[in-house]
Each structure stands twice: as structure tokens, then as C-alpha cells.
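Have a look at the structure below, then the notes.
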Amino acid sequence: MRRFLIDTDTASDDATAIVMALRHPEIHVEALTVVGGNVGLDQAVQNALYTVELCGENTPVYAGRATPVMRTLETAQNIHGEDGMGDCGLPLHSRVPAEGRAVDVIVDTILGSPGEITLVCLGPLSNVAAAVLRAPEIVDAVQRVVVMGGTGVHGPGNVSAMAEFNFWADPEAAHVVTSSGMPLEFVGWDISIASAVVDAERHAAMKALDTEFSRFAVSIAQAVRRFCLANGLEGDDLPDPIAMAYAIDPAPAETQRLHVNVMFGDGGHRGVMEVDRLGFIGGEPNVEIVTHYPGERFFELFLNALA
Ligand code: RIB
Ligand code: CA
66 MRRFLIDTDT ASDDATAIVM ALRHPEIHVE ALTVVGGNVG LDQAVQNALY
116 TVELCGENTP VYAGRATPVM RTLETAQNIH GEDGMGDCGL PLHSRVPAEG
166 RAVDVIVDTI LGSPGEITLV CLGPLSNVAA AVLRAPEIVD AVQRVVVMGG
216 TGVHGPGNVS AMAEFNFWAD PEAAHVVTSS GMPLEFVGWD ISIASAVVDA
266 ERHAAMKALD TEFSRFAVSI AQAVRRFCLA NGLEGDDLPD PIAMAYAIDP
316 APAETQRLHV NVMFGDGGHR GVMEVDRLGF IGGEPNVEIV THYPGERFFE
366 LFLNALA
């Protein structure tokens with residue numbers, strides 16, 4: 066079994082990515098650590114707890130940072146809905162997270178099993194940056210760090226022309242993690258819009274499964290789907306699920322190892338990825354950037370998880 070630790074700001078696409086990991090026969094999910102992002106921390110914790118319960122698992126869920134490391138939280142509820150799960154009426158309240166703090170769990174899980182843990186980051190990197198600053202030794206102890214974040218080699222952004230939400234929401238944390246020396250693999254929003262858009266045919270295939278998981282995935286994505294269709298996309302895209310697909314099966318991916326710097330502070334450069342495309346200007350390559358992931362393989366993994 067491969068051992069995953071998932072850090073998440075649990076909204077609709079996070080939730081279906083979590084279902085993919087929890088229901089995959091070769092993956093053991095050690096824990097979910099939760100961070101404020103798409104929605105506030107408390108709601109993200111409830112959404113994570115509901116998703117674990119839906120899958121019939123007892124995976125522990127730990128609350129983490131409610132805010133970015135150096136700024137206030139700006140959520141994406143305008144996209145995902147007030148509750149982050151499509152406002153479709155799910156009972157997303159009153160569940161109790163595990164005792165303990167997410168940052169401690171990230172440090173202890175990685176140091177407790179050197180070389181064995183894949184950390185999958187699906188939200189702003191506030192918890193992960195705090196863990197790196199608290200215990201730099203996790204940099205060499207973690208096996209893989211797969212991050213849904215950034216804009217790949219060529220963009221575009223989704224929260225500004227050049228910045229993707231997870232890096233924009235907490236750019237200081239993204240800078241700390243990107244320059245930490247961890248074994249980083251980035252799956253940017255460019256990959257999601259290229260290979261993970263739920264067009265009408267794929268939406269019909271999801272509905273045709275008619276299982277509790279497929280009905281869940283369709284329902285919670287309805288707010289994002291309305292937003293995307295109203296803005297010229299052929300359907301809702303699934304950034305966290307395609308990052309999870311890459312974490313589960315990296316083989317079909319094309320990647321480039323380049324030097325990446327994430328800019329921080331305020332202004333148009335906030336959360337923007339500087340990528341040394343020429344390979345000799347920006348310094349030592351520090352990130353494996355996914356440049357292609359086949360949509361067919363993604364939807365095979367995604368639909369299998371919902372069957
Ligand atoms: O930009 C997409 C990312 O921001 C995804 O992780 C989505 O869940 C939001 O957190
Ligand atoms: Ca997310």
C-alpha cells in the first residue's frame with residue numbers, strides 16, 4: 066500500500082479527489098489535514114469529515130491553519146458555493162475532528178515514516194509552510210510532495226491573469242514551500258483546464274454511474290459547473306482530482322524539471338510563478354512541473370472511484 070497524507074481546503078473538487086484516494090485499493094490515507102482556503106477552516110473540516118464518512122472510512126481529520134501565514138483569508142465561496150460543496154443541502158455540520166493540530170500531524174507522520182509518505186497538497190500551502198518552518202528535517206524525510214497549485218510552464222491563472230488560487234491565497238506559504246528543497250511535483254491549473262473539464266459527455270457518464278459517490282460528485286460540483294458554463298468553459302474542471310490522479314499514477318504524465326520561484330506580497334505579481342523555461346537563468350531546478358496528463362487516463366481513474 067502507498068501511504069498518502071492529504072492537506073486540503075475541502076470544497077467540491079477536493080472532496081472528489083479525497084474520494085479517489087480513499088477508494089483506491091493501493092492507497093492508504095494516513096490522515097486529512099485541513100486548511101482555510103476555498104471556505105473557512107471550520108467548514109472545510111466539516112466537508113472533509115462528511116467525505117470520509119461517505120466513504121465508510123475512519124481516516125482522521127485534523128484542523129490546521131484558519132488563515133494564510135501572513136495575511137487574512139480570502140475564500141472562493143463565490144465559485145464553490147457558501148458551504149464549498151455546491152450549496153446542495155448536505156448536512157455539513159456537527160461532526161467532530163480528531164484531537165491534534167494539522168501542522169504537528171504533518172511533521173510527525175513524515176518523520177515517523179521516513180521515505181514512505183506522499184504528501185498531496187490540495188489547498189493553500191499554509192499548513193505545509195508552517196510544518197517546514199517548524200521542522201525543516203521533513204524536507205529530506207518526505208517521499209513525494211504533489212501540489213495542486215500554480216499555472217504550470219505557460220499559465221494561465223484563474224484568480225488573476227497570472228496566478229492560480231492556492232498560490233495566490235497564501236503566496237508567502239507557496240514561496241516558503243517552493244524554496245524549501247522538498248521533492249516537489251506541481252500539477253497546475255493549466256493541466257486541469259486541458260485534461261479535466263467535465264464536458265457534457267463526461268457529465269452524462271458520471272450521472273449514468275448512478276451510485277452514491279457519483280451522485281455526490283455531481284451534486285457538490287453544481288455551483289462550480291454553473292460558474293464555468295457561464296464563463297465559456299464546456300463544464301466544471303477538476304484541478305484537485307487530476308492532481309490526485311497524477312499522485313496515484315504519475316506514469317502517463319509528461320513533466321519538466323525547472324527552477325520555480327513563487328512571488329509574494331501584494332500587487333499583480335501576488336502568487337505568480339516565475340518559471341526558468343530556458344533552464345539556466347533562475348538557479349537550480351527545484352520543481353517537477355507536469356506539462357501534460359492524458360484526459361482519458363484521468364477520467365478512467367476518476368470514474369472508477371465513483372463507480
Ligand atoms: O485553483 C484551483 C485550486 O483552488 C483547487 O485546489 C481548488 O479546490 C481551489 O482550492
Ligand atoms: Ca482545493
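To convert a position in the sequence shown, counted from 1, into the numbering used here, add 65. Here a beta-carbon is modelled for each residue, glycine too, at the ideal position from N, C-alpha and C. Note that the structure is predicted; figures quoted are calculated from it, not measured.
So for residue i, helix, strand or coil by DSSP?
| i | result |
| --- | --- |
| residue 251 | strand |
| residue 369 | helix |
| residue 293 | helix |
| residue 256 | helix |
| residue 323 | strand |
| residue 362 | helix |
| residue 339 | strand |
| residue 354 | strand |
| residue 161 | coil |
| residue 71 | strand |
| residue 263 | coil |
| residue 302 | strand |
| residue 175 | helix |
| residue 144 | helix |
| residue 276 | coil |
| residue 182 | strand |
| residue 346 | coil |
| residue 281 | helix |
| residue 155 | coil |
| residue 328 | coil |
| residue 268 | helix |
| residue 288 | helix |
| residue 81 | helix |
Between the Cα of residue i and the Cα atoms of the options, which residue gives the shortest distance?
| i | options | result |
| --- | --- | --- |
| residue 328 | 277, 242 and 299 | 242 |
| residue 188 | 306, 87 and 160 | 306 |
| residue 246 | 217, 200, 128 and 67 | 200 |
| residue 303 | 320, 349 and 256 | 256 |
| residue 99 | 174, 130 and 92 | 130 |
| residue 318 | 217, 359, 74 and 338 | 359 |
| residue 259 | 279, 216, 272 and 273 | 216 |
| residue 332 | 322, 236 and 74 | 236 |
| residue 209 | 367, 365, 369 and 70 | 70 |
| residue 203 | 170, 222 and 230 | 170 |
| residue 78 | 106, 68, 116 and 107 | 116 |
| residue 269 | 364, 150 and 149 | 364 |
| residue 81 | 284, 292, 325 and 321 | 284 |
| residue 347 | 266, 244, 281 and 184 | 244 |
| residue 338 | 344, 324 and 345 | 324 |
| residue 320 | 298, 252 and 272 | 252 |
Is the Cβ-Cβ distance between residue i and residue j less than 8 Å?
| i | j | result |
| --- | --- | --- |
| residue 145 | residue 263 | no |
| residue 277 | residue 157 | no |
| residue 134 | residue 234 | no |
| residue 179 | residue 110 | no |
| residue 220 | residue 213 | no |
| residue 143 | residue 168 | no |
| residue 353 | residue 249 | yes |
| residue 309 | residue 85 | yes |
| residue 218 | residue 356 | yes |
| residue 75 | residue 128 | no |
| residue 274 | residue 313 | no |
| residue 230 | residue 141 | yes |
| residue 211 | residue 175 | no |
| residue 238 | residue 184 | no |
| residue 108 | residue 152 | no |
| residue 282 | residue 271 | yes |
How would you label residue i, buried or exposed, when you count the other beta carbons within 10 angstroms and need 16 or more for buried?
| i | result |
| --- | --- |
| residue 335 | buried |
| residue 93 | exposed |
| residue 342 | exposed |
| residue 90 | exposed |
| residue 103 | buried |
| residue 97 | buried |
| residue 316 | exposed |
| residue 95 | buried |
| residue 72 | buried |
| residue 123 | exposed |
| residue 232 | buried |
| residue 205 | exposed |
| residue 345 | exposed |
| residue 286 | buried |
From the beta carbon of residue i, is the nearest beta carbon of chain B less than 8 Å away?
| i | result |
| --- | --- |
| residue 294 | Considering every chain present, this structure includes no chain B. It has just one protein chain. |
Taking only runs of the alpha helix (DSSP H) that begin and end inside the region 90 to 134, which ones reach a length of at least 4 residues, in chain order?
-> The region 90 to 134 contains, as complete alpha helix (DSSP H) runs of 4+ residues, the segments 106 to 119 (chain order).
Completely contained beta strand (DSSP E) runs for the region 188 to 261, where each covers 3 or more residues = List check, beta strand (DSSP E) in window: 209 to 213 and 249 to 252.
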